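Undergrad: Quick one: this structure, given as structure tokens, is what I'll be asking you about.
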Amino acid sequence: MPMRIWKTSLATTDLGETKKASLLFSAGGISVCRAVAKGLALYKQVLIASLFGATRLADSFFVATAIPEMLLGILGINTFRGVATSVFAHLDAKGEQENMQRLFSSLFNFILILTGVTASLAVVFAPAIISILAPGFSLADREIAAKIARIALPVLVFLGLANFVSSVLNAFHRFFVPALIQVVLNAVMVAFILVFHTRLGIYAVAWGFLFGHLASLVVQLPSLRRLRLGISTVFVPFDPLIRKSLLLALPLFVSMFAAQISNFSVKFLGSFLSGGKIAALSYSGFLISAVIVLAAEPFLIVLMPRFANQVALGKLDTMRDELAKSVKIFILLFFPLSVWLVLLSFPIVRLLFQRGVFTPEATTITSAVLAIFSLRLLPSVLSLLFVRVFLAIQKTVPVMWVNLFTSTVQILLNFILVDSLDVKGLAIANAAAALLQMLLFWRLVDSSIGFSRGKQFIPFFGKVILATSLLGMGVRFFLNFAGRISPLGTVTGSVLAVLGSLLLGLIIYSAASFVLKIKESREVARSLRSIMGVH
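When the letters of the sequence shown are read in order and numbered with the working numbering, they come out as residues 32 to 566.
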């Protein structure tokens, strides 16, 4: 018999007249949470870099803790994140209360069973998994990685359920708590590192990783109860809604699987490089993901259920207009930011990570990887936006084919470039695949809903490129000037370079946008004022 089920009274979320204001308010609230979370995450990365550097020990940690995420991708669990938001938003718009409860319970229990069984098997076979994933490691390094993996593998259950629950909450326009879970995760990890690192070493980070993800699930459960969505024993595998969700998720599962194979190839090849190269990729990847999480993800999270509601209500013209506007705003923001990160990669890494056992040589390697990764910033953000469009219109097969193709290209480039370019080759392969992915998604989305309307983006592109070129020249001149005052290899020089170039870049880019009459820049300014409550 099923346990108690709470019926939802939130059949139709009232967005009404406040929809535009709530979009900005929600994005602003998410931005605050993301900023705090990434601040803690950055401190966590700084602690790891200071204590363990870019060494084989750090490589072992990053390889072992990547396994739960890889397994989520291979199992297809992460595919339910976007699918759940889309499906539950559609059901919410139509007021199908009973179906929402049944679907929630069935999917929750499905994820719990699948991840629980997989995590148990993975704990048993952890040494074999590490040997396959990182064959270039020595026997001692593989043993350390296997021990870390056994601590971290239950995260598979917690992360799978936490991601699913947060996606459901987002469908009901509950954004704050899902955004808060990263604060909880990183706070727990930082606490474990500070308290236990002298006694447990690298294993303190692993235990923090485990308990942080457990806390990120637990903190969301009260929000489910407030929505009257109950965790029960209901599991109806052949329910039409389950079949619909699985059919939507299947193409995403295939694409996720391909992406995980691509990630596996990076770890596999990185294990044959000198110690610390996997860590350099991880530190650089963290910085790029931090920018995406802070600057783009708040809007992406809010736009997903918004697009789904518009599709459910037949407001496709509204969705096209909002998509075109979002694309322009993202280009306006992230293209110059990419250029700035390329130019400032060395002082940023020097300032953040070079302390303790993180050596100047590690700074040189990591900053080179960061400069290359910066080139994928805009393509990655636009691809994330386009995937949400496909989820909103419930067409996931194009996502599968694009990800299959680009993952294959990245794997081939990994093997081709790593011999001659070492870790830079892996970074270049990643950036090239991201650019290709974005171009393919753009073409497919445009052919599906026609958002770009011919050549409307060409003049806009030209203005942004010109404004960014002026920014780049100004920042480059400032870096040469600042280097004469204090070398970039020093802390003072790095601080001067980062802060000074950021301020100068903002002034130059804002002035150029005003002179070139890029109207989207005024919309960004208005949005920021609205988020901060300034009128």
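Note that CB positions come from ideal geometry on N, CA and C, so glycine has one too. Computed from a predicted structure; not experimentally measured.
The alpha helix (DSSP H) with T439 in it runs from where to where?
TA: Translated into the one-based positions of the sequence shown, residue 439 becomes position 408. Counting along the chain, the alpha helix (DSSP H) containing T439 begins and ends at 428 to 452.
Undergrad: Buried or exposed: V27, going by 16 or more other Cβ atoms within 10 Å of its Cβ?
TA: No information on residue 27 is available, as it lies outside the stretch 32 to 566 that the chain covers here.
Undergrad: Decide if the segment 429 to 439 is in contact with the segment 486 to 500; the criterion is three or more beta carbon pairs, one per stretch, under 8 Å apart.
TA: The answer is no - the segment 486 to 500 does not touch the segment 429 to 439, with fewer than three Cβ pairs under 8 Å.
Undergrad: Alpha carbon to alpha carbon, how far is K550 from K359?
TA: Taking the sequence shown and counting its residues from 1, the one referred to as residue 550 is at position 519. Taking the sequence shown and counting its residues from 1, the one referred to as residue 359 is at position 328. Between K550 and K359, the C-alpha separation is close to 10 Å.
Undergrad: Please go through the segment 179 to 243 and give each complete alpha helix (DSSP H) segment of 4 or more residues, from N-terminal end onward.
TA: You should have 186 to 202, 207 to 231.
Undergrad: Are the beta-carbon atoms of G243 and V215 separated by less than 9 Å?
TA: In the sequence shown, residue 243 corresponds to position 212, counting from 1. In the sequence shown, residue 215 corresponds to position 184, counting from 1. In contact: G243 and V215 (Cβ atoms closer than 9 Å).
Undergrad: Mind reading off the beta-carbon distance from A183 to A237? Whole number of angstroms is fine, and I expect it under 8 Å.
TA: Stepping through the sequence shown from its first residue, residue 183 is reached at position 152. Stepping through the sequence shown from its first residue, residue 237 is reached at position 206. The pair is a contact, with the Cβ atoms about 5 Å apart (cut-off 8 Å).
Undergrad: Is T521 helix, strand or coil when you go by DSSP?
TA: Within the sequence shown, residue 521 is the residue found at index 490, counting from 1. Three-state result, T521: coil.
Undergrad: Apart from the five residues just before and just after I480, which ones in its own chain have a Cβ nearer than 8 Å to its Cβ?
TA: As a first step, residue 480 is located in the sequence shown; it is residue number 449 there, counting from the start. Once the five neighbours on either side are set aside, the close Cβ partners of I480 are L347, M350, R351, L354, V420, I424.
Undergrad: Once the 5 residues before and after A193 are set aside, which same chain residues still bring their CB inside 8 Å of it?
TA: Residue numbering aside, residue 193 sits at position 162 when the sequence shown is read from its first letter. So the list reads I212, H244, S247, L248, Q251, once near-sequence residues are dropped.
Undergrad: Let me know the secondary structure DSSP gives V388 once reduced to three states.
TA: In the sequence shown, the residue the question calls residue 388 occupies position 357. It is coil, neither helix nor strand.
Undergrad: Between F338 and the rest of its own chain, which residues show a CB-CB distance below 7 Å, the 5 nearest in sequence each way excluded?
TA: The residue you call residue 338 lines up with position 307 of the sequence shown. Within the same chain, F338 has close Cβ partners M350, R419, V420, A423.
Undergrad: Do the segment 93 to 107 and the segment 399 to 414 meet, that is, are 3 or more Cβ pairs less than 8 Å apart?
TA: Short answer: they don't touch.
Undergrad: Hey, would you say V388 sits closer than 9 Å to L502, going by beta carbons?
TA: Counting from 1 along the sequence shown, the entry for residue 388 is found at position 357. Counting from 1 along the sequence shown, the entry for residue 502 is found at position 471. Not closer than 9 Å, so no.
Undergrad: Taking a contact to mean a Cβ-Cβ separation below 9 Å, would you say S197 touches V188 in this structure?
TA: Your numbering for residue 197 matches position 166 in the sequence shown. Your numbering for residue 188 matches position 157 in the sequence shown. It is not a contact, given that the beta carbons lie outside the stated cut-off.
Undergrad: What is the rounded straight-line gap between the Cα of S81 and the Cα of R133?
TA: Along the sequence shown, one-based indexing puts residue 81 at 50. Along the sequence shown, one-based indexing puts residue 133 at 102. C-alpha separation (whole angstroms): 48 Å.
Undergrad: Could you have a look at N109 and say whether DSSP puts it in helix, strand or coil?
TA: On the sequence shown, position 78 is the one that residue 109 refers to. N109: coil per DSSP, three-state reduction.
Undergrad: With a threshold of 8 Å, are at least 3 pairs of Cβ atoms found where one atom belongs to the segment 516 to 526 and the other to the segment 371 to 380?
TA: Yes, they touch.
Undergrad: Going by alpha carbons, who is nearest to N109 out of S286, A159, A218?
TA: Along the sequence shown, one-based indexing puts residue 109 at 78. Checked all of S286, A159, A218; the closest Cα to N109 is S286.
Undergrad: Who are the near neighbours of W473 in its chain, counting only those whose CB is closer than 8 Å to its CB and skipping five residues on each side?
TA: Position 442 of the sequence shown, counted from the start, is the residue given in the question as residue 473. Answer for W473: L413, F417, S483, listed in chain order.
Undergrad: Comparing C-alpha positions only, which one of K69, I538, A343, T96 sits nearest to N217?
TA: Against the sequence shown, residue 217 aligns to sequence position 186. Minimum Cα distance to N217 is reached at K69.
Undergrad: For the segment 452 to 459 against the segment 295 to 310, do three or more pairs of beta-carbon atoms, one drawn from each stretch, fall closer than 8 Å, so that the two count as touching?
TA: Verdict: yes, contact present.
Undergrad: Span of the alpha helix (DSSP H) holding I496?
TA: By 1-based counting over the sequence shown, the position of residue 496 is 465. First-last of the alpha helix (DSSP H) with I496: 488 to 516.
Undergrad: Return helix, strand or coil for L54, following the three-state DSSP convention.
TA: For this step, residue 54 is matched to residue 23 along the sequence shown. With a pLDDT of only 49 at L54, under 50, the local geometry of the prediction cannot be trusted, and no value is derived from it.
Undergrad: Nearest-angstrom Cα distance between E392 and L510?
TA: Here residue 392 refers to the residue found at position 361 of the sequence shown. Here residue 510 refers to the residue found at position 479 of the sequence shown. For E392 and L510, the distance between alpha carbons rounds to 21 Å.
Undergrad: Quick one, which of V342, S411, A202, P329 has its alpha-carbon nearest S254's?
TA: Position 223 of the sequence shown holds residue 254. The option with the nearest alpha carbon to S254 is A202.
Undergrad: Please go through the same chain and pick out, in chain order, the residues whose beta-carbon is closer than 7 Å to the beta-carbon of H228, but skip the five residues on each side of it.
TA: As a position in the sequence shown, residue 228 is number 197, starting the count at 1. The residues are L82, A235.
Undergrad: Residues in the same chain with beta-carbon distance under 7 Å from F284, minus the five sequence neighbours each way, listed in chain order, please.
TA: Along the sequence shown, read from residue 1 onward, the residue named residue 284 stands at position 253. If we look at F284 and ignore the five residues flanking it on each side, its Cβ neighbours are G107, T110.
Undergrad: Please go through the same chain and pick out, in chain order, the residues whose beta-carbon is closer than 8 Å to the beta-carbon of V476, but skip the five residues on each side of it.
TA: Translated into positions along the sequence shown, residue 476 becomes position 445. Result list for V476: L354, F417, V420, F421, F482, in chain order.
Undergrad: Check whether the Cβ atoms of I160 and A153 lie closer than 9 Å to each other.
TA: In the sequence shown, the residue the question calls residue 160 occupies position 129. In the sequence shown, the residue the question calls residue 153 occupies position 122. In this structure, A153 lies closer than 9 Å to I160 by Cβ.
Undergrad: For L467, collect the residues of the same chain with a Cβ closer than 7 Å to its Cβ; drop the 5 residues on either side in sequence, then sort them by chain order.
TA: For this step, residue 467 is matched to residue 436 along the sequence shown. Around L467: T437, V440.
Undergrad: L568 and A460 look like a contact to me (Cβ under 8 Å); what is the Cβ gap, rounded to whole Å?
TA: Because the chain spans 32 through 566 in this model, residue 568 falls outside it and cannot be assessed.
Undergrad: Roughly how many angstroms lie between the CA atoms of L331 and L325, to the nearest whole one?
TA: As a working mapping, residue 331 is identified with position 300 in the sequence shown. As a working mapping, residue 325 is identified with position 294 in the sequence shown. Each residue's Cα considered, the two are about 11 Å apart.
Undergrad: Can you tell me whether A165 is helix, strand or coil according to DSSP?
TA: The residue labelled residue 165 in the question sits at position 134 within the sequence shown. Looking at A165 - three-state DSSP - the assignment turns out to be coil, as it is neither helix nor strand.
Undergrad: Which first and last residues belong to the alpha helix (DSSP H) in which S483 is found?
TA: As a first step, residue 483 is located in the sequence shown; it is residue number 452 there, counting from the start. First-last for S483: undefined, no H or E at that position.
Undergrad: With H, G and I counted as helix, E and B as strand and the rest as coil, what does DSSP make of S561?
TA: Start at 1 with the first residue of the sequence shown, and residue 561 comes out as number 530. In this prediction, S561 has a pLDDT of 47, which is less than 50 and means its spatial position is unreliable; nothing more can be read from the coordinates.
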